[in-house]
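In this note's numbering, the protein residues as written are 51 to 433.
All residues carry an ideal CB built from backbone N, CA and C; glycine is no exception.
The structure presented is a predicted model; accordingly, all values stated were derived computationally and were not measured.
Working notes for the structure below.
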Amino acid sequence: MDCIYLDNNATTRSAPEVVEAMLPHLTDSYGNPSSLHAFGQSAQHAIEQAREQVANLIHALPREIVFTSGGTESDNLAILGTLAAYPTKKHIVTTPVEHSAVINTAERLEKQGYRVTYVGVDQQGRLDLGAFAAALTDDTAIASVMHANNETGVIFPIDKVAQIAAQRGVPLHVDAVQSLGKIQIDVRAMPIALMSLSAHKIHGPKGVGALFMKRGVRLRSMTIGGHQERDIRPGTENVAGIVGFGAAAELARHETPETQRTIAALRDQLESGILERFDYAHINGDKTNRLNNTTNIGFEALEAEAILIALSEAGIAASSGAACSSGSLEPSHVLKAMQINERIAHGAVRFSLSRYSTQAEVDATLNQLPALLSRLAALSTVT
Ligand code: PLP
51 MDCIYLDNNA TTRSAPEVVE AMLPHLTDSY GNPSSLHAFG QSAQHAIEQA REQVANLIHA
111 LPREIVFTSG GTESDNLAIL GTLAAYPTKK HIVTTPVEHS AVINTAERLE KQGYRVTYVG
171 VDQQGRLDLG AFAAALTDDT AIASVMHANN ETGVIFPIDK VAQIAAQRGV PLHVDAVQSL
231 GKIQIDVRAM PIALMSLSAH KIHGPKGVGA LFMKRGVRLR SMTIGGHQER DIRPGTENVA
291 GIVGFGAAAE LARHETPETQ RTIAALRDQL ESGILERFDY AHINGDKTNR LNNTTNIGFE
351 ALEAEAILIA LSEAGIAASS GAACSSGSLE PSHVLKAMQI NERIAHGAVR FSLSRYSTQA
411 EVDATLNQLP ALLSRLAALS TVT
């Protein structure tokens with residue numbers, strides 16, 4: 051076994067079927083979809099097929115899907131494009147546990163004079179729905195609330211969030227980058243205006259995503275150019291990437307519940323194996339309402355960065371939400387918002403599995419961890 055890859059919330063291995071679908075568009079089928087000749091039209095046809103495949107995964111209409119360069123651009127476009135469409139409204143509602151594509155956008159907007167309300171979460175990472183309802187005002191241009199958290203896997207009750215936003219007449223944007231392909235999403239069943247999606251979290255290629263825009267939703271484009279993607283996202287399309295996204299969406303749609311159960315069982319084995327072996331290990335996030343593939347474990351009094359390096363040396367890829375800034379390791383903004391004890395937050399490691407994760411990988415990780423962590427504990431300077 052070369053590498054034990056337990057970092058699937060960061061990115062996933064491209065499925066062989068995805069690579070196969072993309073290949074012709076990187077070789078012989080190189081037409082520009084805007085061209086009228088047969089080369090161009092076959093590329094355009096491939097994009098429209100992919101649009102249908104991505105739409106089907108969330109029960110949207112194909113024309114409600116706008117292809118972008120990924121989750122980050124979709125998040126930016128949803129928020130900035132809505133604000134531009136409602137220029138008199140100056141208030142945004144979001145949460146402190148969003149991905150940086152949303153949080154940093156909100157922070158920049160604050161500097162530009164917008165008012166931002168961050169609706170809090172509890173220690174399990176659960177959203178305060180009462181506070182969300184109370185935060186929405188007549189001046190609120192958009193609410194942006196993620197579906198599932200990338201660090202802890204905690205799932206927000208997005209149907210309830212959508213109902214509350216609709217009652218107040220506020221357009222809701224949902225960052226569903228982490229939930230796509232892991233839990234069922236039906237945009238027909240909830241009044242959601244906008245939803246961000248990304249291909250590389252569902253075994254598709256990097257650098258391609260989509261924004262679901264419910265029919266009738268108002269949004270101004272943030273890119274100025276030609277007429278691609280119905281004027282909302284001009285620029286020559288990433289044809290191969292879009293085709294890969296479509297293929298990945300099709301695979302995800304046909305994945306059986308059995309696959310998700312297998313992923314959950316492996317994650318549970320890894321998690322309980324760790325909790326049994328280390329009495330200083332704690333799970334961060336609501337265990338009852340989490341993505342099947344994710345566990346965020348705080349190793350009290352150890353440093354996440356040291357754990358990740360040691361794991362990497364042992365051939366195991368995992369991750370943490372902590373960002374190393376000017377030599378000091380800041381705990382992740384998500385765990386901070388959850389008010390997780392600093393001694394636990396500093397040692398928080400995220401393990402995230404996929405359909406390609408195996409029993410052998412989980413066993414090997416559990417076998418390696420004791421020696422690796424006891425070495426670190428001996429060296430630890432954290433008190
Ligand atoms: N939103 C969430 C919740 C994510 O986890 C990520 C990626 O980590 C993004 C947005 C950004 O997506 P992309 O990498 O496609 O820009």
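For residue i, the first and last residue of its enclosing beta strand (DSSP E)
i	result
I192	T190 to M196
D225	L222 to D225
F401	A398 to S402
A331	A331 to I333
Pairwise C-alpha distance: residue j and residue i
i	j	result
A249	V258	6 Å
Q217	T190	13 Å
D236	G163	35 Å
E148	L127	15 Å
A226	S85	33 Å
G81	D281	20 Å
N199	P241	21 Å
T145	V224	11 Å
A65	T187	44 Å
L361	H396	16 Å
A135	H383	30 Å
R238	A212	12 Å
E392	G276	50 Å
Q91	E279	15 Å
M107	I97	For clarity, residue 107 is Leu in the given sequence; the question names Met instead. Rounded to whole angstroms, L107 to I97 spans 16 Å at the Cα level.
A110	R425	51 Å
M245	R283	15 Å
I205	F182	16 Å
F513	T77	Beyond the ends of the chain as shown, which are 51 and 433, falls residue 513; an answer cannot be given.
C53	S407	11 Å
D178	Y168	11 Å
Within 8 Å, strictly: CB atoms of residue i and residue j
i	j	result
A298	H253	yes
I208	V195	yes
A387	G121	no
I366	Q418	yes
R311	L403	no
V68	A260	no
N343	K232	yes
K251	T61	yes
G335	T118	no
A398	A354	yes
R165	K140	yes
E326	T345	no
G180	S271	no
H87	V289	no
S332	I394	Looking at the sequence shown, residue 332 is not Ser but His. Yes, Cβ-Cβ distance for H332 and I394 is below 8 Å.
M72	G285	no
A185	A215	no
E114	F262	yes
L1	G323	With the chain covering 51 to 433 only, the question about residue 1 has no answer from this structure.
L422	A364	yes
R405	T309	yes
Buried or exposed (CB count within 10 angstroms, at least 16 for buried), residue i
i	result
K161	exposed
A100	buried
I228	Reading off the sequence shown, one finds Gln at residue 228, where the question assumed Ile. Result: buried.
I359	exposed
S375	Since pLDDT at S375 reaches only 47, below the 50 mark, its modelled position is unreliable, and the value read off the structure follows with that caveat. The residue in question, S375, is exposed, as its Cβ has fewer than 16 Cβ neighbours within 10 Å.
P255	buried
R400	buried
A156	buried
P420	exposed
I274	exposed
S150	exposed
Y55	buried
E411	buried
D172	exposed
P137	exposed
Residue range of the alpha helix (DSSP H) that includes residue i
i	result
H75	P66 to L76
F349	Where F349 is concerned, there is no enclosing alpha helix (DSSP H), although the beta strand (DSSP E) it sits in stretches over T344 to F349.
S424	Q409 to L429
F182	L179 to A185
S362	A354 to E363
K210	I208 to Q217
E392	E392 to A395
A60	A60 -> no alpha helix (DSSP H), and no H or E assigned at all.
K386	H383 to A387
Proximity test, residue i beta-carbon vs the ligand GDP heavy atom, cut-off 7 Å
i	result
V227	Judged by which ligands are present, the ligand GDP is missing from the structure shown, whose ligands are the ligand PLP.
Subject >> Minimum length 4: unbroken alpha helix (DSSP H) runs contained in the segment 236 to 308 >> reply: 289 to 303
Original post:
Quick one: complete alpha helix (DSSP H) runs, 4+ long, within the segment 87 to 171?
Top reply: 88 to 108, 121 to 135 and 150 to 161
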